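Undergrad: Attaching a single structure in structure tokens format; questions to follow.
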Amino acid sequence: MLKVRKLFLFGSFFALIFIALPGISQASPKRLVDSSDYKDKDFQKGVITDYADMIEGDDIDWVWIKPEAKLAQYKLKVGKTENKSEIRSKSLVDQVKSTFKDSFADMDAKSDKGLTADVCIYEAQNMSMGKAWIPFVGVHQMQAGIGIEMVLHDENDKPVAKFRHFARKGMQLEAAVQEAAGDLMKYIAKH
33 MLKVRKLFLF
43 GSFFALIFIA
53 LPGISQASPK
63 RLVDSSDYKD
73 KDFQKGVITD
83 YADMIEGDDI
93 DWVWIKPEAK
103 LAQYKLKVGK
113 TENKSEIRSK
123 SLVDQVKSTF
133 KDSFADMDAK
143 SDKGLTADVC
153 IYEAQNMSMG
163 KAWIPFVGVH
173 QMQAGIGIEM
183 VLHDENDKPV
193 AKFRHFARKG
203 MQLEAAVQEA
213 AGDLMKYIAK
223 H
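Each residue of the sequence shown is one higher than the one before, counting from 33 in our numbering.
This is how it looks when you write it as structure tokens:
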């Protein structure tokens with residue numbers, strides 16, 4: 033009788049795990065407004081006015097795409113470009129605008145419809161050799177970094193997609209800008 037009870041408990045435990053696992057794996061994605069990033073007192077806002085619907089992206093940090101939108105089909109052009117970072121530099125704004133313009137030109141649009149991208153630099157970090165000592169991540173953390181917010185608008189000025197992404201690469205901010213633009217273009221091409 034004791035063996036039957038142990039077997040029953042053992043079987044019940046595994047049945048519970050098999051029932052619970054699918055529910056766990058289909059949990060809703062993490063939302064930006066619930067993250068520690070957003071709740072941090074140093075959270076920098078850019079061109080995005082409402083962060084409530086943004087979730088973690090596949091290969092980028094935070095994203096929202098209008099449910100029926102297929103971004104890869106649209107032609108993209110750069111609209112406003114702003115700098116709200118602590119590094120105030122016209123050349124940085126020009127670099128971001130130029131990089132995104134070139135990246136958009138390289139995309140193959142499947143329709144004549146277009147979207148306008150408002151781009152904002154919300155954070156910029158020059159390379160910092162002092163961060164090299166940080167265990168395990170120092171080599172990455174010392175690289176230049178750029179935080180970009182981008183809102184894609186349709187011809188009626190309605191948002192179709194919102195992105196917030198931070199990328200690090202190389203010794204110069206230009207390399208980080210290229211990395212951020214590349215990450216965003218890959219994501220747009222897949223969606």
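Glycine included, C-beta positions come from ideal geometry on N, C-alpha and C.
Quantities reported herein were computed from a predicted structural model and do not represent experimental measurements.
Thinking C-beta only, is residue 78 closer than 8 Å to residue 108?
TA: As a first step, residue 108 must be located in the sequence shown, where it is residue number 76. As a first step, residue 78 must be located in the sequence shown, where it is residue number 46. Result no, Cβ atoms of residue 108 and residue 78 do not sit closer than 8 Å.
Undergrad: From which residue to which residue does the beta strand (DSSP E) around residue 107 run?
TA: For the purposes of this step, residue 107 is identified with residue 75 of the sequence shown, where counting begins at 1. Per DSSP, residue 107 belongs to the beta strand (DSSP E) from 107-115.
Undergrad: Residue 82 lies in the beta strand (DSSP E); which residues open and close that run?
TA: Locating residue 82 in the sequence shown gives position 50, where the first residue counts as 1. Where residue 82 is concerned, there is no enclosing beta strand (DSSP E), given that its DSSP letter is neither H nor E.
Undergrad: Under 8 Å between C-beta atoms, does residue 103 make it to chain B?
TA: Among the protein chains of the structure shown there is no chain B, as only one such chain exists.
Undergrad: Leaving out five residues on either side along the sequence, give the residues of the same chain with a beta carbon under 8 Å from the beta carbon of residue 75.
TA: Taking the sequence shown and counting its residues from 1, one reaches residue 75 at position 43. Closer than 8 Å at the Cβ level, and outside the excluded window around residue 75, lie 69.
Undergrad: When we look at the beta-carbon of residue 112 and count the other beta-carbons within 10 Å, is it buried (16 or more) or exposed?
TA: Here residue 112 is taken as the residue at index 80 of the sequence shown, counted from 1. So residue 112 counts as exposed.
Undergrad: Given a cut-off of 8 Å on the beta-carbon distance, is the pair residue 150 and residue 182 in contact?
TA: Counting from one through the sequence shown, the residue named residue 150 turns up at place 118. Counting from one through the sequence shown, the residue named residue 182 turns up at place 150. Yes. Within cutoff.
Undergrad: Please classify residue 62 as buried or exposed, where buried requires at least 16 neighbouring CB atoms within 10 angstroms.
TA: Position 30 of the sequence shown, counting from 1, holds the residue named residue 62. By the 10 Å Cβ count, residue 62 comes out exposed.
Undergrad: Tell me the residue span of the alpha helix (DSSP H) that contains residue 155.
TA: Walking along the sequence shown from the start, residue 155 turns up at place 123. Run containing residue 155: none in the alpha helix (DSSP H); it sits in the beta strand (DSSP E), 146-157.
Undergrad: If we count the other Cβ atoms within 10 Å of its Cβ and call it buried at 16 or more, is residue 131 buried or exposed?
TA: In the sequence shown, residue 131 corresponds to position 99, counting from 1. Burial call: buried.
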